[in-house]
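Have a look at the structure below, then the notes.
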Amino acid sequence: RYYEELDSTNREAKRIAEEAGNTGWHGTVVVADKQTAGRGRRGRTWSSPVGTGLFFSVLLKPEINPGNASMLTLVKGMAAVKGIAEATGLNPQIKWPNDIVIHGKKIVGILTEMSAQIDYVNHIVVGTGINVHQTEFPEEIADTATSLRLEMQAEGREEPVFRARLLGAVLKYFEQYYETFLETEDLSALQEEYNAM
4 RYYEELDSTN REAKRIAEEA GNTGWHGTVV VADKQTAGRG RRGRTWSSPV
54 GTGLFFSVLL KPEINPGNAS MLTLVKGMAA VKGIAEATGL NPQIKWPNDI
104 VIHGKKIVGI LTEMSAQIDY VNHIVVGTGI NVHQTEFPEE IADTATSLRL
154 EMQAEGREEP VFRARLLGAV LKYFEQYYET FLETEDLSAL QEEYNAM
């Protein structure tokens, strides 16, 4: 589901899950061109101006132990690294637990939220923000954030980054890694590749 503007793709994904009840929404992807209330960990805001980034959430209903759900942040991190590398030729890395960095500067944030009972997952929302076209950032993060465009320019490359293609690449890898994760409900089958990232 694509929106020109949302408060937050995570919030919209949760609304979809709550309105739809138990059926029909697993695997829904919510994408917004602009977020007015994008969020990161610990209640921090995520700068989401129109036309600059890729802001999306995946809505999931896995049959897993709720205690294992936090590992989906790492699964999405791996997918973001692979998708960015495929779409841009850049070499991002994971900064544990939920950031993707290039040359030490943050390029991706991931926020995973869950609704669950003690032994049962109602739904999980994995939200992702990727800095794509930004050339400047708010003062408080200007020294620690970067974008795909800035990193490609630093390599002397001016070719455009197409956000739809980038989204497709990240989702392709997320689906692969997610299926592997579900086999064991842990990172055992992904550990070596995760460590390399």
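All letters in the sequence shown, in the order written, are residues 4 to 200 by our numbering. The beta-carbon is built from N, C-alpha and C at its ideal position, and this holds for glycine as well. Just so it is clear, the structure is predicted and the values come from calculations on it, not from any experiment.
Are residue i and residue j close, meaning C-beta to C-beta below 9 Å?
{"i": "N101", "j": "G70", "result": "no"}
{"i": "I105", "j": "F58", "result": "no"}
{"i": "I113", "j": "T76", "result": "yes"}
{"i": "V61", "j": "V84", "result": "no"}
{"i": "V78", "j": "F177", "result": "yes"}
{"i": "I110", "j": "E154", "result": "yes"}
{"i": "R152", "j": "T138", "result": "yes"}
{"i": "V53", "j": "R4", "result": "no"}
{"i": "E188", "j": "I67", "result": "yes"}
{"i": "T147", "j": "K175", "result": "no"}
{"i": "V135", "j": "A72", "result": "no"}
{"i": "Y197", "j": "A82", "result": "no"}
{"i": "I87", "j": "I103", "result": "yes"}
{"i": "E116", "j": "A172", "result": "no"}
{"i": "N94", "j": "K64", "result": "no"}
What are the boundary residues of the beta strand (DSSP E) that residue i is part of?
{"i": "G56", "result": "G56 to L63"}
{"i": "V164", "result": "Looking at the DSSP string, V164 is not in any beta strand (DSSP E), and its letter there is neither H nor E."}
{"i": "A35", "result": "V32 to A35"}
If you follow the alpha helix (DSSP H) that residue i is in, where does it begin and where does it stop?
{"i": "N25", "result": "Segment: none, N25 is in no alpha helix (DSSP H) and carries neither H nor E."}
{"i": "A40", "result": "Taken as a continuous stretch (DSSP letters only), A40 belongs to no alpha helix (DSSP H), as it is neither H nor E."}
{"i": "V53", "result": "Note, V53: premise wrong, no alpha helix (DSSP H); not H, not E."}
{"i": "A157", "result": "L151 to A157"}
State buried or exposed for residue i, treating a residue as buried only when at least 16 other CB atoms are found within 10 Å of its CB.
{"i": "F165", "result": "exposed"}
{"i": "S150", "result": "buried"}
{"i": "I121", "result": "exposed"}
{"i": "Q156", "result": "exposed"}
{"i": "E142", "result": "exposed"}
{"i": "N13", "result": "buried"}
{"i": "T39", "result": "exposed"}
{"i": "G41", "result": "buried"}
{"i": "L185", "result": "exposed"}
{"i": "G27", "result": "exposed"}
{"i": "G92", "result": "exposed"}
Quick one: grab the DSSP three-state call for residue i.
{"i": "Q137", "result": "coil"}
{"i": "L190", "result": "coil"}
{"i": "T12", "result": "helix"}
{"i": "T183", "result": "helix"}
{"i": "A148", "result": "strand"}
3 or more residues per run - each beta strand (DSSP E) lying fully within the segment 58-122: The segment 58-122 contains these whole beta strand (DSSP E) runs: 96-98, 102-105 and 108-119.
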